[in-house]
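Here the sequence shown stands for residues 33 to 260, numbered as in this note's numbering.
Here a beta-carbon is modelled for each residue, glycine too, at the ideal position from N, C-alpha and C.
Note that this is a predicted model, so its numbers are computed, not measured.
The structure under discussion appears below in the form of C-alpha cells.
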Amino acid sequence: MTQNSKTAKPALAALLRLVVGILMIGALLFLPAGTFKYWQAWVWLAVLFIPMGFSLAYLLKIDPKLLERRTRTDEMRPEQRRIIMASVIYFLVIFILPGFDVRYGWSNVPVWLCLAADGVVLASYLLYLLVLKTNTYASRVVEVEQGQQVITSGPYALVRHPMYLAMILMMTATPLALGSYWIMLPSILFILLLAARAKNEEELLQKELKGYSEYMQKTRYRLFPGVW
33 MTQNSKTAKP ALAALLRLVV GILMIGALLF LPAGTFKYWQ AWVWLAVLFI
83 PMGFSLAYLL KIDPKLLERR TRTDEMRPEQ RRIIMASVIY FLVIFILPGF
133 DVRYGWSNVP VWLCLAADGV VLASYLLYLL VLKTNTYASR VVEVEQGQQV
183 ITSGPYALVR HPMYLAMILM MTATPLALGS YWIMLPSILF ILLLAARAKN
233 EEELLQKELK GYSEYMQKTR YRLFPGVW
C-alpha cells in the first residue's frame with residue numbers, strides 16, 4: 033500500500049465530516065430561523081469553517097496520522113460514551129434554538145457583541161490548532177497509544193486539557209455570536225460535561241501513560257488556569 037493510499041481514507045473521512053457538518057449545522061440554524069437572512073449565522077459559519085478547511089489541508093500535508101486520529105469515533109469507555117451522547121443533545125439545543133430566538137426576537141444582542149463573540153470563536157479555534165500542532169496524539173477517543181509520551185510544553189504547560197478549554201471558550205461564545213442570550217444557559221452543561229470527560233480521561237492516563245502522574249503534580253490545573 034502506498035503512502036498516498038494510506039492517507040487518502042482519513043483525508044476523505046475528514047473532508048466528508050467537514051462538508052456534512054456545514055450542511056447539518058446550516059440546516060439546524062436556518063430552518064428554525066425561517067430565513068437565510070440570518071447574518072450572525074453566516075458570519076459564525078465563515079469564522080469557524082474556513083479555518084477548518086485550511087487546518088484540514090495542513091494536517092493532510094504535515095501530520096496525516098493525527099488527521100486519522102481526529103476522525104475516529106470508536107470510543108470504548110462506557111463513561112465517555114455517555115458523555116458523548118449528552119454532548120450530542122447539547123449541540124442540537126445550541127444550534128436549533130438560536131434560529132427560533134432570531135425568528136421570534138427573544139434576544140437583542142448588539143452587533144458589536146456578536147462580532148466580539150466571533151473573535152472569541154476564532155481565537156479558541158486557533159488555540160485548538162495549537163494543541164494539535166503540539167500534541168500529535170490528540171485523538172478523538174480516550175486512549176493511550178504505543179509510544180505515546182506526556183506533552184508538557186506549549187498550552188499543556190498552562191492546563192492539562194487545553195483542547196477542552198478551547199472547546200469551552202468556543203461553545204460559550206457561540207450563542208452570543210449567533211445573536212442569542214438564552215442559549216448561554218446550556219453552556220453551563222457543556223462545561224460540566226467536559227469537566228467530567230477530563231476527570232475520567234485522567235483516570236486512564238494515570239494508569240497507562242508513563243509520567244502523567246508527575247505531570248499532574250507539575251501542571252496543577254485541568255481546564256482553567258488558576259481555578260481548576
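Is residue j closer than 8 Å to residue i when the C-beta atoms are compared?
i             : j                 : result
valine 52     : aspartate 150     : no
tyrosine 169  : glutamine 180     : yes
serine 17     : methionine 202    : Because the chain in this structure spans residues 33 to 260, residue 17 falls outside the shown range and cannot be described.
tyrosine 160  : phenylalanine 222 : no
tyrosine 70   : leucine 63        : no
proline 257   : leucine 190       : yes
methionine 84 : leucine 48        : no
How many whole angstroms separate the CB atoms of residue i and residue j, which I take to be in contact at a CB cut-off of 8 Å?
i                 : j             : result
phenylalanine 127 : isoleucine 57 : 6 Å
leucine 77        : isoleucine 54 : 7 Å
Using CA coordinates, which residue listed in the options is at the minimum distance from residue i?
i             : options                       : result
alanine 118   : Glu100, Leu158, Gly66, Ser219 : Ser219
leucine 164   : Leu55, Ala198, Leu61          : Ala198
arginine 229  : Phe62, Ile115, Tyr253, Trp214 : Ile115
glutamate 235 : Arg49, Thr67, Pro207, Glu111  : Glu111
valine 125    : Met248, Thr184, Trp214, Tyr90 : Trp214
lysine 250    : Phe123, Ser185, Gly137, Phe81 : Ser185
leucine 208   : Trp144, Asn167, Val259        : Trp144
glutamate 233 : Leu98, Asn140, Arg113, Pro83  : Arg113
alanine 227   : Ala59, Leu98, Thr204, Trp260  : Trp260
valine 120    : Met248, Leu241, Leu225        : Leu225
alanine 46    : Leu98, Phe68, Glu246          : Leu98
Excluding the 5 residues flanking residue i on each side, which residues of the same chain have their C-beta closer than 6 Å to its C-beta?
i                : result
glutamine 72     : Cys146, Leu210, Gly211
valine 79        : Asp150, Val153, Leu154
phenylalanine 81 : Ile54
Once the 5 residues before and after residue i are set aside, which same chain residues still bring their CB inside 7 Å of it?
i            : result
tyrosine 244 : Val182, Leu237, Gln238
If I measure Cβ to Cβ from residue i and keep anything under 8 Å in the same chain, skipping five residues before and after, which residues do I get?
i          : result
glycine 66 : Gly131, Arg135
lysine 231 : Arg254
Please confirm whether any heavy atom of the ligand MG lies closer than 7 Å to the CB of residue i.
i            : result
glutamine 72 : Among the components of this structure there are no ligands whatsoever, and the ligand MG is therefore not found.
- prompt: If we count Cβ pairs, one from each stretch, closer than 8 Å, do we get three or more for the segment 90-99 versus the segment 189-198?
  reply: no
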